[in-house]
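Note that the protein sequences, when read in sequence, are chains C and V.
With this note's numbering, letter number 110 in the first sequence gets 110, and the count goes up by one each step, no holes.
With this note's numbering, letter number 268 in the second sequence gets 268, and the count goes up by one each step, no holes.
What follows is one structure encoded as structure tokens, with my remarks underneath.
There are 2 protein chains.
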Amino acid sequence: MPEIRQDITTKEWVIIATERSKRPHDFKKKVERDGEQRLDPACPFCPGNEAMTAGDLYRRPHVLNVNGADWGVRVVPNKFPALIPQGSLERQVEGVSFHRLDGVGQHEVVIETPHHNRFMFDMDDVEVCSIIHTYRERYNQLKQDKRFKVILIFKNHGKAAGTSLEHPHSQIIAAPVLPAHIRNKYEIATAYFDDNERCIYCDVVQDEINAGTRIILQTNFFVAFHPFASQAPFETWIAPLRHRSSFGAISDDEIEDFSSVLRVVLKKLHIGLGNPDFNYVIHTAPLTDENKRYYLWHMQILPRLTTPAGFELGTGMSINTTLPEETAAFMRTVDIS
Amino acid sequence: MPEIRQDITTKEWVIIATERSKRPHDFKKKVERDGEQRLDPACPFCPGNEAMTAGDLYRRPHVLNVNGADWGVRVVPNKFPALIPQGSLERQVEGVSFHRLDGVGQHEVVIETPHHNRFMFDMDDVEVCSIIHTYRERYNQLKQDKRFKVILIFKNHGKAAGTSLEHPHSQIIAAPVLPAHIRNKYEIATAYFDDNERCIYCDVVQDEINAGTRIILQTNFFVAFHPFASQAPFETWIAPLRHRSSFGAISDDEIEDFSSVLRVVLKKLHIGLGNPDFNYVIHTAPLTDENKRYYLWHMQILPRLTTPAGFELGTGMSINTTLPEETAAFMRTVDIS
Chain C
1 MPEIRQDITT
11 KEWVIIATER
21 SKRPHDFKKK
31 VERDGEQRLD
41 PACPFCPGNE
51 AMTAGDLYRR
61 PHVLNVNGAD
71 WGVRVVPNKF
81 PALIPQGSLE
91 RQVEGVSFHR
101 LDGVGQHEVV
111 IETPHHNRFM
121 FDMDDVEVCS
131 IIHTYRERYN
141 QLKQDKRFKV
151 ILIFKNHGKA
161 AGTSLEHPHS
171 QIIAAPVLPA
181 HIRNKYEIAT
191 AYFDDNERCI
201 YCDVVQDEIN
211 AGTRIILQTN
221 FFVAFHPFAS
231 QAPFETWIAP
241 LRHRSSFGAI
251 SDDEIEDFSS
261 VLRVVLKKLH
271 IGLGNPDFNY
281 VIHTAPLTDE
291 NKRYYLWHMQ
301 ILPRLTTPAG
311 FELGTGMSIN
321 TTLPEETAAF
331 MRTVDIS
Chain V
1 MPEIRQDITT
11 KEWVIIATER
21 SKRPHDFKKK
31 VERDGEQRLD
41 PACPFCPGNE
51 AMTAGDLYRR
61 PHVLNVNGAD
71 WGVRVVPNKF
81 PALIPQGSLE
91 RQVEGVSFHR
101 LDGVGQHEVV
111 IETPHHNRFM
121 FDMDDVEVCS
131 IIHTYRERYN
141 QLKQDKRFKV
151 ILIFKNHGKA
161 AGTSLEHPHS
171 QIIAAPVLPA
181 HIRNKYEIAT
191 AYFDDNERCI
201 YCDVVQDEIN
211 AGTRIILQTN
221 FFVAFHPFAS
231 QAPFETWIAP
241 LRHRSSFGAI
251 SDDEIEDFSS
261 VLRVVLKKLH
271 IGLGNPDFNY
281 VIHTAPLTDE
291 NKRYYLWHMQ
301 ILPRLTTPAG
311 FELGTGMSIN
321 TTLPEETAAF
331 MRTVDIS
């Protein structure tokens, strides 16, 4: 019997289509990796090619001595930016329906390591930690610019996830408009707080912990789980156990804990599914409402195992072919030692 | 200079990223087609294999004598349905956040022709017409079932668009919940009508006609254009020129006109881009508000030329690498004779 489940944080429905269901291990493919190519002379992100990117916006020292680089993490402007720092924020309207403004914003690339193909799931915790510290630094720097309404930190890993460059990297975009999708979520969270004086996300996390069936792991500060209304197989959330609305306020202790959870989750996905392509994004409160009690920052990881098609395009609802209870149970058994 | 444009019907923003822009013809790839394989003995949708699908829900006579079939269009239940007709609509709630109901609904496949690989862009108008008549029949039949809140008619063409079966087909899903995405659009349209006593979509269509730069073609009853805030390269809308909220009310004359517009648009995409994978969906008013003055049914066609990635996942905003003014100009020049 198929089920329809609702994500109460978006009010969107998801169809769990058990009639076409796949077992979790059906998604596993053979791992294909190029092996240990530490340096690619043609790669703009490899040591020695620093001049191929515009000047560093931020740099952290290396934690491993790789490729003789004198850096561990670098942040540079995106060579093909979606948004640029110059321009006018004035809204221009033509007719009744054409609203536009200049593409003002910032688009950065986080080069995560000097090693050409050492991915997060290959790294030690201390290396991941350095990347998350970088995210916090750049987030808190970018939010000083009062033109920006939202900052998104995200990663595209693999071709099906929308990237062409292999070298481990993530991206940060600051935009001067509040996306309607985020505004809708925020309005739902606000209304829920008005009704209950509680954060809707904290309630979801507590419900997931109480249910237990979709939990992957839990630490002092974070919990990783496959949400009740997962949009796609192996969708994973990593959320703080204590209320924190803004990612920018993450503490050093929390970074250490989070880095370890993230590495374990990515390694379980890597081993369990055979190096799947994936995206992750850090959802955080809009910059104008950073310290409110009704939003919880969290990371969403979405392996790209299936293709959203016409139904998703037309309705915004997803069809998920696998029960999150089954994928979470599978993830718990994956041995990464 | 990149631009940020707003789709006023969803209030969502789109980044037109001209810094990474591609010319329209950059999307063209070589057409790879298997040629005229009229019949595939292993295909469940080919004549002779009618027993491989459950009993016909609807059937139309053939307009071309192909493969000796005694039918032209057939509608059958989907063998792996996302939703099924049996079950309870009662909402079950566990904890505060787990809302679910049985996956009640209907999921049908429209087999568009007895010919194994004669696609809409290969057809004559009369054949497309027969398919659109079928859509109307099934829509008006399904809406009799008062359990359903929304009916989506859609097509997935090609692997990147989420289909594995080659034989030309489309799908219809009736669902017992109103997707939040559709509810949001509907609320925007309602508020606009309250403010202006006009349909927001009709205003958009009129603005597009006045601007002219994004129009592909216009007939007595319909206009095809690349919307101002296109989410992706070559996104196309086909919309009625006169207000019609529900697709189910389309007249015979309008079907004839629409079929011709659809065929021309798909043929231009096919020739201009080299057989791209694409989805199309028919957006129509929710069944509970079918005859209101504030929604306009329309078809959205989305070629799958680029991959939505982490930014889209995290914000709901799209990054479109091409100006719709340029893609529309390109489409106008594509010769399909």
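In this text, a Cβ means the ideal position worked out from N, Cα and C, and glycines have one as well.
A quick note: this is a predicted structure, and the numbers were derived from the prediction, not measured.
Inset, instruction - Compute the beta-carbon to beta-carbon distance between C/P179 and V/M331, rounded to the nearest angstrom, for a pair I have assumed lies under 8 Å. - result: For the purposes of this step, residue 179 of chain C is taken as residue 179 along the first sequence, with counting starting at 1. For the purposes of this step, residue 331 of chain V is taken as residue 331 along the second sequence, with counting starting at 1. That belief does not hold up - the Cβ atoms of C/P179 and V/M331 are roughly 28 Å apart, past 8 Å.
Inset, instruction - Note down, one range per segment and in chain order, each beta strand (DSSP E) of at least 3 residues found wholly within the segment 62-120 of chain C. - result: 73-77, 92-94, 98-102, 106-111
Legend entry - Where V/Q106 falls, given that 16 or more other Cβ within 10 Å makes a residue buried: Stepping through the second sequence from its first residue, residue 106 of chain V is reached at position 106. With 16 or more Cβ atoms within 10 Å of its Cβ, V/Q106 is classed as buried.
Inset, instruction - Mind listing the chain V neighbours of C/D289? Cutoff is C-beta to C-beta under 9 Å, in chain order. - result: Here residue 289 of chain C refers to the residue found at position 289 when the first sequence is read from its first residue. Within chain V, no residue comes near C/D289; the closest Cβ sits about 16 Å away, beyond 9 Å.
Inset, instruction - Put C/P276 into one of helix, strand or coil per three-state DSSP. - result: To locate residue 276 of chain C, count along the first sequence from 1; it is residue 276. Coil, per DSSP.
Inset, instruction - Could you tell me which chain V residues have their CB closer than 8 Å to the CB of C/P344, listed as they occur along the chain? - result: Examination of residue 344 of chain C is not possible in this model, given that chain C is present from 1 through 337 alone.
Legend entry - Sequence-distant residues of its chain with Cβ nearer than 8 Å to V/E208 (five each side left out): For the purposes of this step, residue 208 of chain V is taken as the residue at position 208 of the second sequence. Hits under 8 Å: R214, I215, V223, F225, P227, F228.
Legend entry - C/M52 versus C/H116: straight-line alpha-carbon distance, rounded: As a first step, residue 52 of chain C is located in the first sequence; it is residue number 52 there, counting from the start. As a first step, residue 116 of chain C is located in the first sequence; it is residue number 116 there, counting from the start. If you take the alpha carbons of C/M52 and C/H116, they lie about 15 Å apart.
Legend entry - Residues near C/K267 by beta carbon distance below 7 Å, same chain, minus five either side: As a working mapping, residue 267 of chain C is identified with position 267 in the first sequence. Closer than 7 Å at the Cβ level, and outside the excluded window around C/K267, lie F121, I336.
Inset, instruction - Give a yes or no on whether the minimum CB-CB distance between V/A42 and chain C is below 9 Å. - result: Here the question's residue 42 of chain V lines up with position 42 in the second sequence. So no, V/A42 is outside the interface.
Legend entry - Residues near C/H270 in its chain [Cβ-Cβ closer than 7 Å; skip 5 each side]: Numbered from 1 along the first sequence, position 270 holds the residue referred to as residue 270 of chain C. Here the set comprises F121.
Legend entry - Residues near C/S130 by beta carbon distance below 6 Å, same chain, minus five either side: Mapped onto the first sequence, residue 130 of chain C falls at position 130. Closer than 6 Å at the Cβ level, and outside the excluded window around C/S130, lie R60, V63, G72, V73.
Legend entry - 4-residue-minimum alpha helix (DSSP H) runs that sit fully inside the segment 120-147 of chain C, ordered along the chain: 125-142
Legend entry - is_contact[C/V264, chain V] using C-beta, thresh 9 Å: Locating residue 264 of chain C in the first sequence gives position 264, counting from the first residue. Output row for C/V264: interface = no.
Legend entry - Residues from the segment 88-122 of chain V in contact with chain C, defined by Cβ distance under 7 Å: G95, V96, S97, F98, H99, R100, L101, D102, G103
Inset, instruction - Confirm, please, whether the CB-CB distance from C/A189 to C/L302 is below 9 Å. - result: Against the first sequence, residue 302 of chain C aligns to sequence position 302. Against the first sequence, residue 189 of chain C aligns to sequence position 189. Contact: no.
Inset, instruction - Would you verify that the beta carbon of V/F154 is, or is not, closer than 9 Å to some beta carbon of chain C? - result: Position 154 of the second sequence, counting from 1, holds the residue named residue 154 of chain V. V/F154 counts as touching chain C.
Inset, instruction - Hey, could you find the ends of the beta strand (DSSP E) V/N421 is sitting in? - result: Limits of chain V in this structure are 1 at one end and 337 at the other, which puts residue 421 of chain V out of reach.
Inset, instruction - Would you mind giving the Cβ-Cβ distance between V/H157 and V/I111, rounded to the nearest angstrom? I have them listed as a contact below 8 Å. - result: For the purposes of this step, residue 157 of chain V is identified with residue 157 of the second sequence, where counting begins at 1. For the purposes of this step, residue 111 of chain V is identified with residue 111 of the second sequence, where counting begins at 1. V/H157 to V/I111, Cβ: 14 Å. No contact.
Inset, instruction - Could you tell me whether the Cβ of V/A161 comes closer than 9 Å to any Cβ of chain D? - result: Protein chains C and V are contained in the structure displayed, whereas chain D is not.
Legend entry - C-alpha gap between V/T321 and V/Y280, whole angstroms: Along the second sequence, one-based indexing puts residue 321 of chain V at 321. Along the second sequence, one-based indexing puts residue 280 of chain V at 280. Distance between the alpha carbons of V/T321 and V/Y280 is about 20 Å.
Inset, instruction - Quick one: give me the first and last residue of the beta strand (DSSP E) that V/K155 is part of. - result: As a working note, residue 155 of chain V is residue 155 in the second sequence. From DSSP, the beta strand (DSSP E) with V/K155 extends over 150-157.
Inset, instruction - Give the DSSP bridge partners of V/H298, in chain order. - result: Sequence index remark: in the second sequence, residue 298 of chain V carries index 298 (1-based). V/H283.
Inset, instruction - Count the C-beta pairs between the segment 7-19 of chain V and the segment 192-207 of chain V that are closer than 8 Å, then say yes if the count reaches three, no if not. - result: yes
Inset, instruction - Name, in chain order, the residues that DSSP records as bridge partners for V/V223. - result: Translated into the one-based positions of the second sequence, residue 223 of chain V becomes position 223. DSSP, once it has assigned bridges, lists V/Q218, V/A239 as partnering V/V223.
Inset, instruction - Taking 9 Å as the cut-off, decide whether the C-beta atoms of C/G314 and V/I282 are in contact. - result: Here residue 314 of chain C is taken as the residue at index 314 of the first sequence, counted from 1. Here residue 282 of chain V is taken as the residue at index 282 of the second sequence, counted from 1. For C/G314 and V/I282, yes; Cβs fall inside 9 Å.
Legend entry - Paired residues, beta bridge with C/P303 - DSSP: One-based indexing of the first sequence puts residue 303 of chain C at position 303. Beta-bridge pairing links C/P303 to C/F278.
Legend entry - Contact residues within the segment 267-297 of chain C, judged by C-beta distance below 8 Å to chain V: N279, Y280, V281, I282, H283
Legend entry - C/A54 versus C/V76 - alpha carbon distance: Working through the first sequence from its first residue, we reach residue 54 of chain C at position 54. Working through the first sequence from its first residue, we reach residue 76 of chain C at position 76. Taking the straight line joining both Cα atoms gives about 6 Å.
Legend entry - Residue(s) in a DSSP beta bridge with C/A174: Numbered from 1 along the first sequence, position 174 holds the residue referred to as residue 174 of chain C. Paired residue(s): C/Q106, C/I151.
Inset, instruction - Tell me, please, whether the CB atom of C/D207 is closer than 9 Å to any CB atom in chain V? - result: Here residue 207 of chain C is taken as the residue at index 207 of the first sequence, counted from 1. Judged by the 9 Å Cβ criterion, C/D207 is in contact with chain V.
Inset, instruction - For V/E3, return the contacting residues in chain C, with the cut-off set at a CB-CB distance below 7 Å. - result: Position 3 of the second sequence, counted from the first residue, corresponds to residue 3 of chain V. Here the neighbours are R100, D102, G103.
Inset, instruction - Just mark C/R304 as buried or exposed, buried being the case when its beta carbon has 16 or more other beta carbons within 10 Å. - result: As a first step, residue 304 of chain C must be located in the first sequence, where it is residue number 304. C/R304 comes out buried.
Inset, instruction - Please confirm if C/V75 has its CB atom under 9 Å from at least one CB of chain V. - result: Here residue 75 of chain C corresponds to residue number 75 of the first sequence, with the count starting at 1. No - not a single Cβ of chain V is within 9 Å of the one on C/V75.
Legend entry - C/T307 vs V/G162 beta-carbon contact at 9 Å: Taking the first sequence and counting its residues from 1, one reaches residue 307 of chain C at position 307. Taking the second sequence and counting its residues from 1, one reaches residue 162 of chain V at position 162. Cβ distance < 9 Å, so C/T307 and V/G162 count as in contact.
Inset, instruction - Enumerate in chain order the residues of its own chain whose CB-to-CB distance from C/L217 is below 6 Å, with the five nearest sequence positions on each side excluded. - result: One-based indexing of the first sequence puts residue 217 of chain C at position 217. Result list for C/L217: A224, in chain order.
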